[in-house]
Amino acid sequence: MESIKLVEIFSDFKSGKDIDRPTMVRVLEDVFRTLIKKKYGSDENFDVIVNTQKGDLELWRVREIVHDGEVTDETSQISISEALDIDEDYEIGEECYEQLYLEEFGRRSIMAARQTLISRIQELEKDEIFKQYQKRIGDIVLGEVHQILKREILILDDVTDHELIIPRNEMIRGDFFRKGDMVKGIIKNVEMRNNSPVITVSRTDNDFLAKLMEQEVPEIEDGLITVKKIVRIPGERAKVAVESYDDRIDPVGACVGMKGSRIHGIVRELKNENIDIVNFTNNVNLFIQRSLTPAKVSSIKLNDEEKRASVFLDPDQVSLAIGKGGSNIKLASRLTGFEIDVFRNTSDNELDDVDLDEFSDEIDGWIIDQLKGIGCDTARSVLALTDTELARRTDLEEETIQGVLKILASEFED
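With the first letter of the sequence shown counted as 1, position 54 gets the number 36 in this note's numbering; the numbers rise by one all the way through.
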């Protein structure tokens, strides 16, 4: 019974499992030669013939035929009498081929060989999976949700059926999956843990957005448009700088598509992540201006040494430039490599305004920084907002806001 199981394992093994034939044959030979060594002390005069097509194998003992009574080495010689029992046509001096059968090795040896074979197959499979997925790092993968755990979800690769992991920190904030859902992501990392391959998939990686764009925009795949840089706050906002080497192609228009047809599919996949496509340029002023879209910039002052940019906008454009929770200005800074400071344009009737820094003896520096962070760098710009709006857009408590407004308002009292 055990011999049959051993052959069954081999039959399963030969049916593929992504392991190359020479490796497969070598493993099988090793296992069965070990079996022979245990029984006969050596495997020197034995042939192990593996048939990878049929999924079976043959074991043969090869010995030289000598006269009766002249056998000096039983591992390499056989008497003519014994040889004739195997085949009556044998003659002295010839090689005698005797076929061995698994049953002859005993139940314990067969069980041990069976276990060794299973272990070796599993090791080879793991190595092969590891190599396969290492080559696919950076590729998009589609999988079915198999199991939902506290810190990660397990998905089954739609092509190979191998198990992949999406950790919670690699998922977009709006991601919510049920068992059986199909999920897209990018293969981010492949490593061996406890001798098993662990394939990590990400939906927050910048390269995931790059690959989605490549799928949706043929001009990117064809090399007519290049994605220069991507910055993201996953699930919230992203900015993509693109460039075309063909003057006839509008890179922004090509990426967005007719009536947004190309970008809409990507936005849906990324749980309504707001994606700004920006035309790349080596003109730093123009690139900063474009990166702050949808806000319209009036003027920019650059400090190349400190990599800082002072951006001036009309009052109604300030909140657009900063964005929800500062997302727009953060991403623009990361995209351009410049720290961007936003300032409001001052009109004639605002000439009596006072810079917030002038109140540093009455208002703590960290509070002033909070107000500057939302584009309020003067007393009047703060007073123009209600206490409710200030509380919503900053981390300041209501009591602190009331105190600040009182101090600032007193500056303009007659």
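Just so it is clear, CB atoms sit at the ideal spot from N, CA and C, and this is done for glycine as well.
Secondary structure of residue i, DSSP reduced to three states
i	result
L206	coil
E(-16)	Any reading at E(-16) needs caution, since the residue's pLDDT is 43, under 50, leaving its predicted position unreliable; the model's value is listed next. Note: E(-16) maps to helix in three-state DSSP.
F14	helix
L268	helix
G385	helix
K161	coil
G307	helix
D109	helix
F294	strand
Y72	coil
N27	coil
P233	helix
T370	helix
G239	coil
G167	strand
D187	coil
G357	coil
V44	strand
V425	Past the boundaries of the shown model lies residue 425; the chain is included only from -17 to 396, so the question cannot be answered.
L131	coil
G125	strand
T182	strand
D337	strand
V213	strand
R118	coil
E288	coil
Bounding residues of the alpha helix (DSSP H) (the contiguous stretch that carries residue i)
i	result
N151	Counting along the chain, N151 falls outside any alpha helix (DSSP H), and DSSP gives it neither H nor E.
R362	361 to 365
With 16 other Cβ atoms within 10 Å as the buried cut-off, status of residue i
i	result
N285	exposed
A391	exposed
L131	exposed
V336	exposed
R96	buried
V141	exposed
G23	exposed
P200	exposed
D359	buried
R272	buried
T318	buried
Y115	buried
D343	exposed
I231	exposed
I137	buried
D25	buried
M(-17)	Note on M(-17): pLDDT 38, under 50, position unreliable in the model; the coordinate value appears next. That one is exposed.
R133	exposed
D69	exposed
Q299	buried
Check whether residue i and residue j have beta carbons under 8 Å apart
i	j	result
M153	L124	no
A277	L313	no
K170	D187	yes
V324	I345	no
I356	T382	no
F341	I270	no
S367	I350	Here the sequence assigns Leu to residue 367, which means Ser is not the residue at that position. Their beta carbons are not under 8 Å apart, which means L367 does not touch I350 by this criterion.
F112	P179	yes
I322	A291	yes
L353	V364	yes
P233	N261	yes
I212	C237	no
L295	S315	no
R102	V13	yes
Run of the beta strand (DSSP E) containing residue i, from where it starts to where it stops
i	result
A220	219 to 226
S243	Not the beta strand (DSSP E): S243 falls in the alpha helix (DSSP H), residues 243 to 251.
K283	279 to 285
L82	77 to 82
M378	Checking the sequence shown, residue 378 turns out to be Leu, not Met. Note, L378: premise wrong, no beta strand (DSSP E); not H, not E.
D258	256 to 261
E397	In the structure as shown, the chain begins at -17 and stops at 396. Residue 397 is therefore absent and cannot be evaluated.
F87	It is not in any beta strand (DSSP E) - F87 carries neither H nor E in the DSSP assignment.
V324	321 to 326
I60	59 to 61
Below-8 Å beta-carbon distance, residue i vs any chain B residue
i	result
I154	Absent here is chain B; the protein component of the structure consists of one chain.
Cβ-heavy atom distance, residue i to the ligand FAD, below 7 Å
i	result
R316	Within the structure as shown, the ligand FAD is missing, as the structure has no ligands at all.
- Task: State whether the region 155 to 164 contacts the region 252 to 262, with contact taken as three or more CB pairs (one from each stretch) at a distance under 8 Å.
- Result: yes
- Item | Stretch-stretch touch, CB-based, cutoff 8 Å, three pairs: the region 37 to 44 with the region 71 to 83 | yes
- Query: Is the region 185 to 199 touching the region 209 to 220, taking contact as three or more C-beta pairs under 8 Å?
  - Reply: yes
- Taking one C-beta from the region 9 to 18 and one from the region 88 to 98 each time, how about it: are there three or more such pairs within less than 8 Å? yes
- Message: I'd like to know if the region 142 to 150 and the region 242 to 250 are in contact, where contact means that at least 3 CB-CB pairs between them fall below 8 Å.
- Response: no
- Item | Inter-stretch contact at 8 Å, needing at least 3 Cβ pairs: the region 206 to 214 / the region 225 to 233 | yes
- Query: Okay, do the region 62 to 73 and the region 95 to 114 touch, 3+ Cβ pairs below 8 Å being the bar?
  - Reply: no
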